[in-house]
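Read left to right, the sequence shown gives residues -20 to -1, 1 to 246 (mature numbering (1 follows the signal peptide of the UniProt record, and there is no 0)).
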Amino acid sequence: MRISKILFVFLFMASASMGAQNFFSHQLEGKVQSDNKDVADVHVMNTTTGRATITDQEGYFEIVVKLNDTLLFSAVQYKRKQVVISQTMLESSLVYVPLEEFMNELDEVVVRPFNLSGDLTKDMENLEIGPVVSASTLGLPNANAKTFTQSERLLKEASMPKFNMGMLLSLPFNPIINEITGRNKMLRKRVAIDSQYARTQRVTNYYVDSLYVSELKIPRDKIDDFMYFCEVDENFNAVVDTHDQLKIWEFLKGKSLVYRENNGLD
């Protein structure tokens, strides 16, 4: 009888723990991404709860969500996008949301200068193409220097002292203050997250969406969630850093089997 009571209590607590994931709120951290680069002031609304926020200058945002809540992203320059919060997103340290630029298509206008015939083949043959001009070909200094991301630049600025006339006689307080306040830690976290996102984007760009749908049986609207699922695998970074597209595809195939089973997609 005592064993039965203990078993009942255990099952009740396990059930309550699983249900708590749906009941309790979670502070979701995210970042919107776009080739447009203008990611500030994007409106982010939890249509399930009615709460809303906007992105900062770098596209970061925070909003309270629960499992299966729906977030609506909107801005004048982007198409509206809805994202349903999954368990994978709740477990992710940062959720990236790619936005598609809104194009206001105008009626077609044909402009034909006098020196063009309208025949592309003929016009290409008559076109004089000069040498490619770049910083490298011009021999400019720092032409091959590494290009830092925005987060890397901010971290570098926060970690290095600003020069002033009395610098030789005083301590560089700026890096010390940033370390104490936690700003450097926050920026280092952003640099690591951006690096992780770059890996994921590289994989996403290797293969068209139709391959995920036809070969991996991942629904088109679940591709981003599937990539978050792959990211948390401890072998993800090592596999992606090989740049071997065949090896990466085999890794994705294996993860897709587990993902489909976990999400009832089979």
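Think of the CB as a built atom: it goes at the ideal place given N, C-alpha and C, for glycine as much as any other residue.
(message) Given this structure, state the Cα-to-Cα distance separating I160 from M83, to the nearest angstrom.
(response) Looking up residue 160 in the sequence shown gives position 180. Looking up residue 83 in the sequence shown gives position 103. About 45 Å.
(request) Would you kindly check if the distance between the Cβ of K233 and the Cβ of L196 is under 8 Å? (result) Here residue 196 corresponds to residue number 216 of the sequence shown, with the count starting at 1. Here residue 233 corresponds to residue number 253 of the sequence shown, with the count starting at 1. Yes; because the gap between Cβ atoms is below 8 Å, this pair is in contact.
(request) Taking only the alpha-carbon atoms, compute the straight-line gap between K235 and C210 and give it to the nearest angstrom. (result) Taking the sequence shown and counting its residues from 1, the one referred to as residue 235 is at position 255. Taking the sequence shown and counting its residues from 1, the one referred to as residue 210 is at position 230. Their Cα atoms are separated by approximately 7 Å.
(request) Answer with buried or exposed for K202, where buried requires no fewer than 16 other C-beta atoms within 10 angstroms of its C-beta. (result) Here residue 202 is taken as the residue at index 222 of the sequence shown, counted from 1. By the neighbour-count rule (16 or more Cβ atoms within 10 Å), K202 is buried.
(message) Based on DSSP bridge pairs, tell me the residues matched to P78.
(response) Against the sequence shown, residue 78 aligns to sequence position 98. P78 is bridged by DSSP to Q13.
(message) Closest to F4 by C-alpha separation, out of G39, D204 and V45, would be which residue?
(response) To locate residue 4, count along the sequence shown from 1; it is residue 24. It is V45.
(message) If I follow the unbroken alpha helix (DSSP H) through residue 283, where does it start and stop?
(response) The question about residue 283 has no answer here: the residues shown for the chain are numbered -20 through 246.
(request) Please check the pair K165 and Y76, which I expect to be a contact at CB under 8 Å, by giving their CB distance rounded to whole angstroms. (result) Here residue 165 refers to the residue found at position 185 of the sequence shown. Here residue 76 refers to the residue found at position 96 of the sequence shown. Between Y76 and K165 the Cβ distance is about 21 Å, and since that is not below 8 Å, they are no contact.
(message) So S66 and D246 are supposed to be a Cβ contact under 8 Å. How far apart are they, rounded?
(response) The residue given as residue 66 occupies position 86 in the sequence shown. The residue given as residue 246 occupies position 266 in the sequence shown. Their Cβ separation, rounded to whole angstroms, is 17 Å, which puts S66 and D246 out of contact at 8 Å.
(message) In whole angstroms, give me the CA-to-CA distance for Y58 and M69.
(response) Taking the sequence shown and counting its residues from 1, the one referred to as residue 58 is at position 78. Taking the sequence shown and counting its residues from 1, the one referred to as residue 69 is at position 89. The alpha-carbon separation between Y58 and M69 amounts to approximately 22 Å.
(request) Use the C-beta contact count for S194: other C-beta atoms within 10 angstroms, 16 or more gives buried, fewer gives exposed. (result) One-based indexing of the sequence shown puts residue 194 at position 214. With a threshold of 16 other beta carbon atoms within 10 Å, S194 falls short and is exposed.
(message) Suppose you measure from the CA of I228 to the CA of N185; what does that come to, to the nearest Å?
(response) For the purposes of this step, residue 228 is identified with residue 248 of the sequence shown, where counting begins at 1. For the purposes of this step, residue 185 is identified with residue 205 of the sequence shown, where counting begins at 1. Distance between the alpha carbons of I228 and N185 is about 12 Å.
(message) For V183 and G39, what's the separation of their Cα atoms in angstroms?
(response) Working through the sequence shown from its first residue, we reach residue 183 at position 203. Working through the sequence shown from its first residue, we reach residue 39 at position 59. When rounded, the separation of the alpha-carbon atoms in V183 and G39 is 22 Å.
(request) Could you spell out where the beta strand (DSSP E) holding K46 opens and where it closes? (result) The residue labelled residue 46 in the question sits at position 66 within the sequence shown. Per DSSP, K46 belongs to no beta strand (DSSP E) and is neither H nor E.
(request) From the DSSP output, read off the bridge partner residues of S54. (result) Mapped onto the sequence shown, residue 54 falls at position 74. The partner list for S54 (beta bridge, DSSP) reads H23.
(message) One question on the structure: do N26 and A32 come within less than 8 Å of each other, judged by their Cβ atoms?
(response) By 1-based counting over the sequence shown, the position of residue 26 is 46. By 1-based counting over the sequence shown, the position of residue 32 is 52. Yes.
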